[in-house]
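Numbering (our numbering), first residue to last: 187 to 510. We put the CB at the ideal spot given by N, CA and C, even for glycine. To start, the structure itself, in structure tokens.
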């Protein structure tokens with residue numbers, strides 16, 4: 187450079203919370219570049235939220251990441267109908283992990299270790315258990331799996347707009363048996379497989395519009411109609427897991443607005459989804475149950491410790507007392 191001019195020394199480009207690209211001139215005047223990566227550290231957090239207007243919003247106010255809230259709702263929805271059974275005053279407890287850089291930047295969410303929903307007349311606590319073969323699942327303290335035959339609600343954030351039974355059909359204009367349940371939700375809202383099974387069909391199907399049917403066992407099927415579109419890989423013969431996204435809410439076929447029409451079929455005939463009896467999941471026994479008990483003790487202690495730390499951190503008087 188000419189006398190008085192500034193010479194290039196160093197440039198840093200932060201590509202994401204973990205990686206920074208550094209371009210700099212060394213002592214010999216050679217310009218070189220390299221990648222700096224921060225260490226990622228898993229950290230455990232706990233929170234308790236009392237439902238005001240919605241469980242989702244109340245949990246977010248307590249700093250729970252959206253991904254953790256969504257996972258918690260999905261875990262609990264094996265037993266709880268979030269469209270009909272959540273009330274103001276209910277409370278959610280959750281112990282979870284997130285991944286952060288060594289200097290405190292958030293990277294991504296991990297998973298809930300412990301989730302508890304407390305209601306006026308019901309309490310449901312679920313714990314993450316890891317098997318020796320690497321499988322994981324959520325279980326009650328008695329060893330019963332949270333996972334039942336079918337999800338109570340196969341779509342998040344929806345309301346029931348029409349139940350099972352006789353109704354005045356909004357398109358046809360006369361009374362007709364409604365052989366399913368309608369969940370009103372915005373177009374594009376993800377739809378989940380209500381249970382493990384195999385896709386029997388995923389295509390256009392008359393008045394149903396875009397339609398998915400899942401065979402769960404020789405006697406039980408579920409069907410999902412009026413979809414805006416199908417999730418990637420969803421086609422006849424594909425095996426799906428409970429909670430897997432199979433499509434998205436739409437208004438295809440004979441439909442007056444965006445909603446999911448959901449059916450449960452027993453031996454080929456539509457049945458009231460709320461009255462169908464389905465088998466529950468596995469039950470831990472022996473050494474697996476003993477292992478779960480140890481896990482529960484660990485998570486309960488961690489939750490209590492984390493909540494105590496939060497309380498201390500949010501109470502200035504407790505800090506002053508600690509310093510005296």
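Residue of the options minimising C-alpha distance to residue i
i: residue 403; options: 373, 451, 302; result: 451
i: residue 219; options: 202, 213, 198; result: 198
i: residue 383; options: 390, 375, 407; result: 407
i: residue 260; options: 484, 320, 377, 419; result: 377
i: residue 204; options: 286, 275, 267, 252; result: 286
i: residue 305; options: 291, 210, 276, 475; result: 276
i: residue 460; options: 471, 340, 493, 472; result: 340
i: residue 474; options: 247, 208, 325; result: 325
i: residue 310; options: 440, 262, 267, 202; result: 262
i: residue 267; options: 373, 397, 338, 483; result: 338
i: residue 456; options: 273, 293, 208, 405; result: 405
i: residue 315; options: 479, 487, 489; result: 479
i: residue 272; options: 308, 202, 227, 250; result: 308
i: residue 322; options: 486, 497, 477, 227; result: 477
Run of the alpha helix (DSSP H) containing residue i, from where it starts to where it stops
i: residue 247; result: 241-247
i: residue 261; result: 252-262
Residue i (DSSP reduced to helix, strand or coil)
i: residue 471; result: coil
i: residue 477; result: helix
i: residue 290; result: coil
i: residue 275; result: coil
i: residue 513; result: Nothing can be reported for residue 513, as the shown portion of the chain is limited to 187 through 510.
i: residue 222; result: strand
i: residue 495; result: helix
i: residue 197; result: strand
i: residue 392; result: helix
i: residue 565; result: Look at the range of the chain in this structure, 187 to 510, and you will see that residue 565 is not part of it.
i: residue 311; result: strand
i: residue 483; result: helix
i: residue 488; result: helix
i: residue 336; result: coil
i: residue 217; result: strand
i: residue 302; result: strand
i: residue 462; result: coil
i: residue 265; result: coil
i: residue 420; result: coil
i: residue 425; result: strand
i: residue 296; result: strand
Beta carbon of residue i nearer than 8 Å to that of residue j
i: residue 410; j: residue 385; result: no
i: residue 437; j: residue 429; result: no
i: residue 381; j: residue 312; result: no
i: residue 435; j: residue 375; result: yes
i: residue 244; j: residue 238; result: yes
i: residue 467; j: residue 334; result: yes
i: residue 329; j: residue 470; result: yes
i: residue 388; j: residue 440; result: no
i: residue 332; j: residue 265; result: yes
i: residue 291; j: residue 225; result: no
i: residue 206; j: residue 229; result: no
i: residue 400; j: residue 422; result: no
i: residue 195; j: residue 210; result: yes
Residue range of the beta strand (DSSP E) that includes residue i
i: residue 376; result: 376-378
i: residue 229; result: 226-236
i: residue 410; result: 406-413
i: residue 202; result: No beta strand (DSSP E) contains residue 202, which DSSP labels as neither H nor E.
i: residue 452; result: 445-452
i: residue 401; result: 396-401
i: residue 456; result: 455-457
i: residue 369; result: 367-370
i: residue 432; result: 431-434
i: residue 179; result: Outside the shown range of the chain, which is 187 to 510, sits residue 179, and nothing can be said about it.
Cβ of residue i within 8 Å of any chain C Cβ
i: residue 420; result: Protein chains in the displayed structure number just one, and chain C is not present.
Quick check: the region 272-288 against the region 230-241, are at least 3 beta-carbon pairs closer than 8 Å?
yes
Quick one: any contact between the region 367-375 and the region 436-453, if contact means 3 or more CB pairs under 8 Å?
yes
Tell me whether the region 290-303 and the region 254-274 touch, counting them as touching only if at least three CB pairs, one residue from each stretch, are closer than 8 Å.
yes
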